[in-house]
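Residue 1 is where the sequence shown starts when you use the UniProt record's numbering, and the numbers rise one by one after that.
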Amino acid sequence: MTEESSKIKVDARRPYTVMTVCTGNICRSPMAEIVLRNEFQLRGLGDVVAVRSSGVSDEEYGNPIDRRAQRELTKRGYRLPASHFAHRIEADEIAETNLFLPMTASHMRSLLRLLPPQKRELVHMYRAFDPSLPKPQPGREMLLDLADPWYGGPREFEVAMDQVEQCAPYIVDWVAARIERAD
1 MTEESSKIKV
11 DARRPYTVMT
21 VCTGNICRSP
31 MAEIVLRNEF
41 QLRGLGDVVA
51 VRSSGVSDEE
61 YGNPIDRRAQ
71 RELTKRGYRL
81 PASHFAHRIE
91 ADEIAETNLF
101 LPMTASHMRS
111 LLRLLPPQKR
121 ELVHMYRAFD
131 PSLPKPQPGR
141 EMLLDLADPW
151 YGGPREFEVA
161 MDQVEQCAPY
171 IVDWVAARIE
181 RAD
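Here's what the structure looks like:
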């Protein structure tokens with residue numbers, strides 16, 4: 001099979017779907033969702049790639065994006081969505097997702113327990129795409145954890161956003177190499 005024929009055909013009706021995943025879906029995963037969506041749009045792929053976010057827990061169910069995350073996103077020029085409804089990943093989202101991006105090794109383990117076997121190969125830690133980071137040995141994936149800003153202040157949100165932005169172009173490159181616009 002040639003690489004061209006192994007690409008996933010996508011269009012606006014059947015987009016390639018990326019799901020960012022954190023704990024409660026109020027800080028890291030929505031930050032990554034917004035940054036990635038912007039990056040896909042800048043690359044001309046916004047119409048064929050859908051970016052969504054969710055959590056592995058429902059502890060923040062219904063809440064908006066954390067105000068500190070909102071501040072950091074706005075400070076860096078990102079447009080906030082009109083609404084955000086924090087939620088735990090749902091079965092229909094799992095079914096339609098092509099790439100799952102957990103923020104930490106703990107999120108990855110929780111996510112893998114929720115996924116059917118055929119979806120598990122679609123899970124890649126968010127920071128695993130950063131070529132400047134070493135590939136950790138199995139069981140040491142926590143070395144790729146995206147910083148948790150929840151218990152911190154503005155500086156911790158800056159660090160988390162730096163990490164999100166650092167990886168975004170590489171994730172877009174990876175997805176772009178695997179999709180093809182349907183005729």
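Don't be surprised by glycine CBs; every beta carbon is placed ideally from N, CA and C. Predicted model, so just to flag it, every value in this text is computed and none were measured.
Open item on the list: Pop quiz: L36 and V21 are said to be a contact at Cβ under 8 Å. What is the actual Cβ separation, rounded to whole angstroms?
Closed with: As a working note, residue 36 is residue 36 in the sequence shown. As a working note, residue 21 is residue 21 in the sequence shown. With 8 Å as the limit, L36 and V21 do not qualify as a contact, their Cβ atoms being about 12 Å apart.
- [ ] Decide if the segment 100-113 is in contact with the segment 138-153; the criterion is three or more beta carbon pairs, one per stretch, under 8 Å apart.
- [x] yes
Task: Candidates P136, R127, A95: closest to Q118 by CA position - done: Looking up residue 118 in the sequence shown gives position 118. For the residues P136, R127, A95, the minimum Cα distance to Q118 belongs to A95.
Task: P30, buried or exposed, once every other Cβ within 10 Å from all chains shown has been counted against 16 - done: For this step, residue 30 is matched to residue 30 along the sequence shown. Answer is buried; the Cβ neighbour count reaches 16.
Open item on the list: Let me check understanding here. Comparing Cα to Cα, which of G24, G62, E39 lies closest to V164?
Closed with: Locating residue 164 in the sequence shown gives position 164, counting from the first residue. Of the candidates G24, G62, E39, the one whose C-alpha sits nearest the C-alpha of V164 is E39.
TODO: Count the other CB atoms, across all protein chains shown, that sit within 10 Å of the CB of R52; report buried if there are 16 or more and exposed otherwise.
DONE: The count along the sequence shown starts at 1 and reaches residue 52 at position 52. Flag for R52 reads buried.
Task: Nearest neighbour of L101, chosen from L146, F157, V48, P154 [CA to CA] - done: Within the sequence shown, residue 101 is the residue found at index 101, counting from 1. Selected option, being the one with the closest Cα: L146.
TODO: From the DSSP output, in three-state form, read off I119 for me.
DONE: Counted from its first residue, the sequence shown places residue 119 at position 119. First, the residue type needs correcting, since residue 119 is Lys and not Ile in the sequence shown. Correct three-state label for K119: helix.
Open item on the list: Give me the residue from G55, M161, E60 with the minimum Cα distance to T74.
Closed with: Residue numbering aside, residue 74 sits at position 74 when the sequence shown is read from its first letter. Looking at the Cα atoms, M161 is the closest of the given residues.
Open item on the list: For residue 186 and H87, which I take to be in contact (beta-carbon distance under 8 Å), what is that distance rounded to the nearest angstrom?
Closed with: This structure cannot speak to residue 186, because the chain is shown only from 1 to 183.
Open item on the list: Once the 5 residues before and after R76 are set aside, which same chain residues still bring their CB inside 7 Å of it?
Closed with: Numbered from 1 along the sequence shown, position 76 holds the residue referred to as residue 76. Excluding sequence neighbours, R76 sits near M161.
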